[in-house]
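Residue numbers (the UniProt record's numbering): 1 to 176.
Built from N, CA and C at the ideal position, the CB exists for glycine as well.
Down below is the structure, laid out as structure tokens.
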Amino acid sequence: MVSSADLSDAIAVFDIENSQDLAQVFNQLDVAIAEKQLSAYLRQGSNLQAVTWLAKYALSKRLPSDELNESILLALPQLNDWHSQLHILQCFEHLTFIEALDGATHHFIRHCLCSDNKFVRAWAYSAFYYFSLQRQKFRDEVGDFFTLALKDEAPSVKARIRQLQKLALVTKTKMS
Numbered sequence: 001m002v003s004s005a006d007l008s009d010a011i012a013v014f015d016i017e018n019s020q021d022l023a024q025v026f027n028q029l030d031v032a033i034a035e036k037q038l039s040a041y042l043r044q045g046s047n048l049q050a051v052t053w054l055a056k057y058a059l060s061k062r063l064p065s066d067e068l069n070e071s072i073l074l075a076l077p078q079l080n081d082w083h084s085q086l087h088i089l090q091c092f093e094h095l096t097f098i099e100a101l102d103g104a105t106h107h108f109i110r111h112c113l114c115s116d117n118k119f120v121r122a123w124a125y126s127a128f129y130y131f132s133l134q135r136q137k138f139r140d141e142v143g144d145f146f147t148l149a150l151k152d153e154a155p156s157v158k159a160r161i162r163q164l165q166k167l168a169l170v171t172k173t174k175m176s
């Protein structure tokens with residue numbers, strides 16, 4: 001039987017190139033226990049590359065519990081390396097945004113839009129899109145950012161924005 005201590009050990013030795021070990025340990029834990037542990041690790045703010053990778057992995061399997069959802073949003077100001085930022089930006093379509101944290105969420109997205117890393121920027125546009133689906137007051141700003149990005153961004157970022165624009169058309173979400 002796998003324990004929370006095993007998860008702790010797997011996080012401590014996490015290697016982005018060999019993430020299957022961490023996934024395997026996580027999968028053997030009870031879902032509620034695994035999410036509770038993950039929430040605690042996010043609140044601690046250590047080993048964030050491993051913890052954010054695990055959050056992304058967990059959300060690819062199922063929607064987050066309210067506790068995990070909130071822990072992810074509360075962790076945004078701590079995410080300083082591009083790996084951690086990327087992992088969490090890739091989770092935004094699965095999150096339910098908390099109004100009291102809208103300012104911090106908006107700030108995080110805007111910060112990531114200025115990243116030197118084109119993958120972080122591409123996923124920041126995606127995150128901004130998903131954030132604006134729940135917060136209409138940001139839709140015009142997202143549309144403006146999309147318009148500017150299609151003129152100035154790297155081709156891979158432009159491709160992501162075009163995908164989001166197609167998605168907005170399908171879902172009939174107004175984006176400039």
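Where ARG43 is concerned, the enclosing alpha helix (DSSP H) starts and stops at 31-44. DSSP places ARG121 in the uninterrupted alpha helix (DSSP H) bounded by 118-134.
8 Å or more divides the Cβ of GLN20 from the Cβ of GLY45. Here the C-alpha atom of HIS111 lies approximately 14 Å from the C-alpha atom of ASP102. Collapsing the DSSP output to three states places GLU153 in coil.
In the structure shown, PRO64 adopts coil according to DSSP, grouped into three states. Selection LEU148, ARG160, PHE14 and HIS106 evaluated against LEU54 yields PHE14 as nearest (Cα-Cα).
Taking the C-beta atoms as reference points, GLU70 is found no nearer than 8 Å to ILE33.
Apart from the 5 residues on each side of it in sequence, SER84 sits with its Cβ closer than 7 Å to the Cβ of LEU48, GLN49 and THR52 in its chain, given in chain order. VAL25: member of the alpha helix (DSSP H) spanning 20-28, first to last residue. Taken through DSSP and simplified to helix, strand or coil, ILE72 comes out as helix.
Burial check for CYS114: the Cβ neighbour count within 10 Å stays below 16, so the residue is exposed. Judged by DSSP secondary structure, LEU95 falls outside any alpha helix (DSSP H); it is assigned neither H nor E. Exposure of SER60 is indicated by the presence of fewer than 16 other C-beta atoms within 10 angstroms of its C-beta. In this structure, the alpha-carbon of GLN134 lies about 37 Å from that of ALA5. Within the same chain, Cβ atoms closer than 8 Å to the Cβ of ILE16 are found at GLN49, TRP53 and HIS83, the five residues on either side in sequence being excluded.
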